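Asks: Sequences listed follow chains A and B, in order.
Just so you know, we're using the working numbering here: the first sequence kicks off at 57 and counts up by one.
Just so you know, we're using the working numbering here: the second sequence kicks off at 76 and counts up by one.
Each residue gets a CB set at the ideal place from its N, CA and C atoms; glycine is no exception.
Predicted, not measured: the structure shown is a model, and the values here were computed from it.
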Amino acid sequence: MADIAFLALAVITIGSAIAALEMRSLIYGSIALMGSLGGIAGFFLLLDAPFVALFQLAVYVGSIAVLILFTVMLVKRELIFKKIEDKRRKFAGIGLMLILMASLGAIFIDSGIKTITTDEPPVDFRDIGIDFVTYYWPALILMGLILAGTVTGALVLARRVDEEDEQRTN
Amino acid sequence: MSVIAPKFKLSGFIQSLLDNIFWILLLFVLIGLPAVFIILIVMPMPVLDGELLTPFLALSYLANPTRILPVIHAFMTTDIFRVMAFPGFGFAALLAASVIFAERKMMAKLQLRVGPFYCGKFEGILQLMGDGLKLISKEIIIPAKADKPIFWAAPVLFVATAAAFVALIPVAPGWVVADIDLGLLAVFAVIGFFPIITILSAWSANSKYPFIGGIRALFQMVSFEIPLILSLLGVVMVTGTLNLSEITASQSNFPWIIFLPIGAIVFFITMLAELERIPFDLPEAESEIVAGWLTELSGMLYGLVQLGSYLKLYAFAALFVVLFLGGWNGPMIIPAIPEQILTEGIEMGPITLTVDGLQSLFGNTITQEMLNGTFWFVLKTAGVIFFIILPRGVFPRVRVDILLNLGWTKLIGLCFINIFIALGLLYAGVLGPGGLQ
């Protein structure tokens, strides 16, 4: 059962990733990107990590994909990009990807990851949370400070003073 | 003077009736009966009274009305029943439909009109059915140069997403379609799909009013998702779980709105914005941009979007009830079914009517707790829905910059105050281990 689900998810993820690259229509491309990200959420579900899967759905599909879609809709493609059709670049890209995949796969298979067998139950997300606030608390505080700094910086950058419009105020 | 059917002949009418009957019988024999048998054979059959329910036994049970209860009971325990009928789609759609009618009637009373009046004998009670028939029979017009696949798919996806939301709501103890450990996170994930579908539907219509409405909807939904999620974190902190059934069960003594009123108020306001209700109905502002992102939808596509948005309304109201008002918890007011009827039968003078399977039906499935829980849940949900639809008759629409300012500055600040209140209650020992609960 898990194998069928795994195959279906793999087909959805890789297929929609290829579609996201190859589609001429940017809107359909971003929909395909959503499918790809949703497929990754499915992988997390198969790996007994529903917490990560639901966050993947909420953050990547629900927010990031929406931002991409929104940007794409407001941009007129013809004004910015020029189409360059180049067969050689495409095949070079595919070849590079295949070489990367083969080498990464060889490293993974060689690393002895196949011999690891474990019957332990999946890690509960509560344990991860407890670890975060006890053993790894410096990392948590650092992350919090960095995020707070980023948000403050974004607010400062985006801040603007509206000019007083005499007509409107009157 | 015109006649409705000038060439009417009684013999032709009777012939057409006989034709119809013939074809219905033929289709039933050729398609209906084999379909029934295929369903009975393919579906795993339950064991009743120690014997497997074979198709022939099932048909003979159906022929005998007193023995039909075990079949109904067996059906009520299946997942299909849960998804389609009781805590799932059918129940929610029924409530949503009654909300549409109640809203129209209530608006009319507030504005000193009569509202739906002529359809049906009593106060236009059949108006909704008439509207549904009208929408089904209308032609679906697709604008020129519209993106057809997305335009067709968006309303269906909208209803499907709303139904997925409904499936996460626990109605009575043990009565929930999807009882998952991370129920609240799943709610957040499902809510995230609504803006995508809205903006895709708006873009695909290739028309300016839907596009303006869709962009407004996107702004509104995405920016109000943050206070929505933050306002619910207080409840998660004091209960220590994300499972909606457990959150409901933890409120058997008092609802969380007593301790976290700020969170409840913020959630209610964000709920109004997510549902595009007045005073936040900018995406559908009918006096500015025709009908917002629904402008180009016609016929049943519009009907599907309406169904989806009212299902969403029910689901949000139910979520408010589950998180803040105690869900199914309430005093036991449904009387117990008399033991004598279950075991010995109903005595009517000299006759005693015994019905097989009544005991197991009322003992296992339709228990007193389930009926009581459903009653309190529906009562509270109806109250929350009343407060959701009430502003429509009272408030004007706000401007978009006021809306975004409200969401990004005031509501998020209130959410953090709510979280600090929850943390204070936990650390002071009022709630949590050693405290009240």
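1. In chain B, what lies closer than 8 Å to A:Leu110 by C-beta?
2. Is it buried or exposed, B:Ser276, if we count other Cβ atoms within 10 angstroms and call 16 or more buried?
3. Pick out whichever of B:Leu386, B:Pro230, B:Ala138, B:Gln90 has its Cα sitting closest to the Cα of B:Met375.
4. Determine which residues share a DSSP beta bridge with B:Ile426 and list them.
5. Let's test the definition: count the other Cβ atoms within 10 Å of the Cβ of B:Gly163 and tell me whether it reaches 16, buried, or not, exposed.
6. Spell out whether any CB of chain B is found under 7 Å from the CB atom of A:Pro178.
7. In the DSSP output, what is A:Trp193 paired with across the bridge?
8. Chain B beta carbons: is any one of them nearer than 7 Å to that of A:Val189?
9. From this set, B:Ala247, B:Leu293, B:Ile114, B:Gln434, which residue's C-alpha is nearest B:Trp368's C-alpha?
10. Is B:Pro81 near the ligand FAD - that is, is its Cβ less than 6 Å away from at least one heavy atom of it?
11. Residues of chain B with CB closer than 8 Å to the CB of A:Pro194, please, in chain order.
12. What residue range does the alpha helix (DSSP H) around B:Phe112 cover?
13. Please work out which residues of its chain come closer than 7 Å, Cβ to Cβ, to B:Phe269, disregarding the five sequence neighbours upstream and downstream, and give them in chain order.
14. Under the three-state reduction of DSSP, which class applies to B:Trp483: helix, strand or coil?
15. What residues in its chain sit with their C-beta under 6 Å from that of B:Leu446, if we drop five residues either side in the sequence?
16. Are any of the Cβ atoms in chain A nearer than 7 Å to that of B:Ile96?
17. When you compare the CB of B:Trp483 with every CB in chain A, is at least one pair closer than 7 Å?
18. Looking at B:Leu506: is its Cβ nearer than 7 Å to the Cβ of B:Val341?
19. Just the chain A side, please: which residues come within less than 9 Å of B:Val310 by C-beta, in chain order?
20. Got a sec: which bits of the region 262–289 of chain B sit with their beta carbon under 7 Å from any beta carbon on chain A, in order along the chain?
21. If the criterion is Cβ atoms closer than 7 Å, does the pair B:Leu166 and B:Leu203 meet it?
22. Would the region 195–211 of chain B count as touching the region 475–490 of chain B if we require 3 or more Cβ pairs under 8 Å?
23. Identify, in the order they occur along the chain, each residue of the same chain with its Cβ nearer than 7 Å to the Cβ of B:Phe470, setting aside the five sequence neighbours on each side.
24. Could you tell me whether the Cβ atoms of B:Thr345 and B:Leu303 are closer together than 7 Å?
25. Does B:Trp250 come out as helix, strand or coil in the three-state DSSP assignment?
26. I want to know whether the region 242–251 of chain B touches the region 220–234 of chain B - three or more CB-CB distances under 8 Å.
27. Could you check how far apart the C-beta atoms of B:Ile216 and B:Tyr284 are, in whole angstroms? I think they sit under 8 Å.
28. Determine the DSSP secondary structure at B:Trp451, reduced to helix, strand or coil.
29. So B:Asp154 is in the alpha helix (DSSP H); what residue range does that whole segment cover?
30. Report the rounded CA-to-CA distance for B:Leu93 versus B:Ala80, giving the unit in angstroms.
31. Might you give, ordered along the chain, the residues of its own chain that have their beta carbon closer than 6 Å to the beta carbon of B:Phe240, omitting 5 neighbours on each side?
32. With respect to the alpha helix (DSSP H) encompassing B:Glu198, which residues constitute its N-terminal and C-terminal limits?
33. Take A:Ile124 and list the residues in its own chain whose beta-carbon comes closer than 8 Å to its own, dropping the five residues that flank it on each side.
34. Check whether the region 398–406 of chain B touches the region 330–339 of chain B, counting contact only when three or more Cβ pairs, one atom from each stretch, lie closer than 8 Å.
35. Indicate the three-state DSSP secondary structure (helix, strand or coil) for B:Phe329 in the structure shown.
36. Can you name the start and end residues of the alpha helix (DSSP H) that B:Glu300 belongs to?
Replies: In brief:
1. Neighbours of A:Leu110 in chain B, taken as residues whose beta carbon is under 8 Å from its own, are Leu257, Leu260, Ala261, Phe263, Ala264 in chain order.
2. If you draw a 10 Å sphere on the C-beta of B:Ser276, you find 16 or more other C-beta atoms in it, and that means buried.
3. Of the candidates B:Leu386, B:Pro230, B:Ala138, B:Gln90, the one whose C-alpha sits nearest the C-alpha of B:Met375 is B:Pro230.
4. Bridge partners of B:Ile426: B:Met423.
5. With 16 or more other Cβ atoms within 10 Å, it is buried.
6. Contact of A:Pro178 with chain B is not assigned, every C-beta pair being separated by 7 Å or more.
7. Bridge partners of A:Trp193: none, in fact.
8. No, A:Val189 does not count as interfacial toward chain B.
9. The option with the nearest alpha carbon to B:Trp368 is B:Leu293.
10. Ligands displayed in this structure: none; no statement on the ligand FAD is therefore possible.
11. In chain B, no part has a C-beta under 8 Å from the C-beta of A:Pro194; the shortest such distance is about 21 Å.
12. From DSSP, the alpha helix (DSSP H) with B:Phe112 extends over 108–117.
13. Excluding positions up to five away in sequence, the list reads Thr236, Met296.
14. Reduced to three states, the DSSP call for B:Trp483 is helix.
15. Here the set comprises Ile409.
16. Answer no: the Cβ-Cβ gap between B:Ile96 and chain A never drops below 7 Å.
17. False, the Cβ-Cβ gap to chain A never drops below 7 Å.
18. Between B:Leu506 and B:Val341, the C-beta gap is not smaller than 7 Å, which leaves the two residues out of contact.
19. In chain order: nothing, as chain A lies at least about 17 Å away.
20. The residues in question are Phe263, Ala264, Gly267, Phe268, Pro270, Ile271, Ile274, Trp278.
21. The sequence shown places Phe at residue 166 of chain B, not Leu. With contacts defined as CB atoms closer than 7 Å, B:Phe166 and B:Leu203 fail to qualify as a contacting pair.
22. Taking 8 Å as the limit for Cβ pairs, the verdict is that the region 475–490 of chain B does not touch the region 195–211 of chain B.
23. For B:Phe470, same chain residues with a beta-carbon under 7 Å away, outside a window of 5 residues either side, are Ile353, Pro354 in chain order.
24. Yes, these two residues count as a Cβ contact at 7 Å.
25. Strand, per DSSP.
26. No: fewer than three Cβ pairs fall under 8 Å.
27. Actually they are not in contact, since the Cβ atoms of B:Ile216 and B:Tyr284 sit about 15 Å apart, beyond 8 Å.
28. In this structure, B:Trp451 counts as helix in the three-state DSSP scheme.
29. Segment 154–159, the alpha helix (DSSP H) holding B:Asp154.
30. Going from the Cα of B:Leu93 to the Cα of B:Ala80 covers about 20 Å.
31. Excluding sequence neighbours, B:Phe240 sits near Val265, Ala390.
32. Careful: B:Glu198 lies outside any alpha helix (DSSP H) and carries neither H nor E.
33. For A:Ile124, the CB contacts under 8 Å within the same chain, skipping 5 residues up- and downstream, are Ser86, Leu89 in chain order.
34. Contact holds: three or more Cβ-Cβ distances are below 8 Å.
35. Here B:Phe329 carries a coil assignment [DSSP, helix/strand/coil].
36. Start and end: 283–314.
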